[in-house]
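Residue numbers (our numbering): 7 to 310. The C-beta atom is built at its ideal place from N, Cα and C for all residues, glycine as well.
Take a look at the structure:
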């Protein structure tokens, strides 16, 4: 990759010439010269400099966005060429939405690293929209997302796993001892603890409500699943959560599920990529996902 581009990205991310020089194993004057030359070639200043900070201006933001995409494509190209003569190895950038990334992916990665020790996985966890965007801009090799990303035109999308979602309550909830099938309207006075807009879990919850002809009177939003589980356990409200997220709590009796019409609510997880070419590392990872015994075991544990 062009040295000027690499130096610019490092300065933009470090927001400091000295720290960028350390990361690049260069002198600070050399870094400054690269930035001057790069700005001259672009034809405009890209960084605002004072004694206290270095930051991107509007032009710099534009260049940085595309520089990251160029860097991702360059890395992918190099890995594909290396694959022609080598076995599965090297970096593999994986993105996953919260539910899959926090509760399932660690089991898959453990097997991947054991079977292919030369592969170096790097993981980013975020909501569905963020992960899809990083795949689109070539900053991730693969994304594992829930729901259907609305702007997925450039992406190759393939379902690979089915998830079941259940309504969960505290063990002290008035309906927790009722094993008969219940109507969701019996929960209309409860506070519903839900993930934020843009997450696949929230998309699934909204779809479930729509199909049930019901919408909660009161909603409290959270940016991750763990505080939702803690809040449900504390009796704050109820939620609709993935089977994978609630295994331990069900096993130890900290939460319980309600038998409500329309549950378990089923959704699919998808593998998304943004290139017709795949490195050997990505190929073996996707193959491992599709044939993962871990998914089967996790699903069975929830049902038992």
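Which listed residue (the options) has its alpha carbon closest to that of residue i
i: residue 270; options: 60, 168, 231; result: 168
i: residue 295; options: 14, 148, 12, 281; result: 148
i: residue 103; options: 287, 293, 280, 276; result: 276
i: residue 64; options: 268, 50, 77, 254; result: 50
i: residue 229; options: 11, 134, 16; result: 134
i: residue 48; options: 130, 61, 68; result: 68
i: residue 242; options: 191, 195, 161; result: 195
i: residue 13; options: 61, 37, 33; result: 37
i: residue 15; options: 231, 109, 76, 140; result: 76
i: residue 20; options: 44, 39, 262, 70; result: 70
i: residue 223; options: 197, 288, 201, 125; result: 197
i: residue 171; options: 59, 289, 274; result: 274
i: residue 233; options: 201, 191, 45, 218; result: 201
i: residue 212; options: 185, 62, 268; result: 268
i: residue 218; options: 110, 105, 173, 31; result: 173
i: residue 183; options: 99, 72, 259, 247; result: 259
i: residue 98; options: 113, 129, 188, 240; result: 129
i: residue 105; options: 231, 95, 113; result: 231
i: residue 6; options: 297, 143, 290; result: The structure shown does not extend to residue 6, since the chain spans only 7 to 310, so no value can be given for it.
Alpha-carbon to alpha-carbon, residue j and residue i
i: residue 25; j: residue 265; result: 56 Å
i: residue 127; j: residue 226; result: 35 Å
i: residue 29; j: residue 249; result: 43 Å
i: residue 42; j: residue 163; result: 42 Å
i: residue 52; j: residue 66; result: 4 Å
i: residue 17; j: residue 292; result: 34 Å
i: residue 108; j: residue 117; result: 16 Å
i: residue 33; j: residue 10; result: 14 Å
i: residue 193; j: residue 74; result: 47 Å
i: residue 166; j: residue 180; result: 37 Å
i: residue 310; j: residue 245; result: Reliability fails at residue 310, whose pLDDT of 49 lies under 50, so the model's placement of it is uncertain and no value is given.
i: residue 160; j: residue 78; result: 16 Å
i: residue 101; j: residue 206; result: 14 Å
i: residue 138; j: residue 131; result: 11 Å
i: residue 262; j: residue 145; result: 39 Å
i: residue 58; j: residue 44; result: 22 Å
i: residue 111; j: residue 214; result: 25 Å
i: residue 306; j: residue 272; result: Summary for residue 306: the model assigns pLDDT 49, below 50, so the residue's position carries little reliability, and this model does not support an answer.
i: residue 199; j: residue 8; result: 48 Å
i: residue 22; j: residue 62; result: 11 Å
i: residue 140; j: residue 236; result: 30 Å
i: residue 115; j: residue 46; result: 45 Å
i: residue 239; j: residue 142; result: 38 Å
Assigned exposure category for residue i - 16 Cβ within 10 Å defines buried
i: residue 35; result: exposed
i: residue 221; result: exposed
i: residue 177; result: exposed
i: residue 204; result: exposed
i: residue 85; result: buried
i: residue 284; result: buried
i: residue 208; result: buried
i: residue 87; result: exposed
i: residue 82; result: buried
i: residue 286; result: buried
i: residue 40; result: buried
i: residue 210; result: buried
i: residue 175; result: buried
Strand pairing of residue i, partner residues [DSSP]
i: residue 8; result: Answer by DSSP bridge pairing: none, since residue 8 is not bridged.
i: residue 226; result: 199
i: residue 163; result: 278
i: residue 168; result: 274
i: residue 96; result: 125
i: residue 263; result: 174
i: residue 55; result: 60
i: residue 248; result: 171
i: residue 149; result: 101, 278
Quick one: any contact between the stretch 105–122 and the stretch 52–62, if contact means 3 or more CB pairs under 8 Å? Contact fails: fewer than three Cβ-Cβ distances are below 8 Å.
Does the stretch 278–289 come within contact of the stretch 246–261, defined as at least 3 CB pairs closer than 8 Å? No: the two stretches stay apart, fewer than three of their Cβ pairs being nearer than 8 Å.
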